[in-house]
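*Asks:*
Numbering (my numbering), first residue to last: 3 to 68.
1) Buried or exposed: where does residue 23 fall if 16 or more other Cβ atoms within 10 Å of its Cβ makes it buried?
2) For residue 18, count neighbouring C-beta atoms within 10 Å of its own C-beta (all shown protein chains included) and say buried if the count is 16 or more, exposed if not.
3) Can you tell me which of the three DSSP states residue 4 falls into?
4) Look up residue 2 in the DSSP assignment and say whether it is helix, strand or coil.
5) Where does residue 23 sit, in a helix, a strand or coil, going by DSSP?
6) Where residue 2 and residue 6 are concerned, what is the direct C-alpha to C-alpha distance, given to the nearest angstrom?
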């Protein structure tokens, strides 16, 4: 692995972090939020609710609400 590949990998990682930082800065309140991870069909429990907050797949994650 040469220096070119190492610099390219570091640059791509930096670009990813910059994208996340821009998303946080642009969002009102600066709070990073996403969807409930347990809404993923592969991670969902048998009852279909979020294992963290109990939200259904069509609902917003209840853990994000104040």
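Every residue, glycine too, gets a C-beta built ideally from N, C-alpha and C.
*Replies:* In this structure, then:
1) The residue you call residue 23 lines up with position 21 of the chain shown. Residue 23 comes out exposed.
2) By one-based count along the chain shown, residue 18 stands at place 16. Exposed, because fewer than 16 other Cβ atoms sit within 10 Å of the Cβ of residue 18.
3) Numbered from 1 along the chain shown, position 2 holds the residue referred to as residue 4. Three-state DSSP puts residue 4 in coil, outside helix and strand.
4) The chain is shown from 3 up to 68; residue 2 falls before or after that span and cannot be answered.
5) Counted from its first residue, the chain shown places residue 23 at position 21. The answer is helix: DSSP assigns residue 23 an H, G or I state.
6) Any question about residue 2 goes unanswered here, given that the chain covers just 3 to 68.
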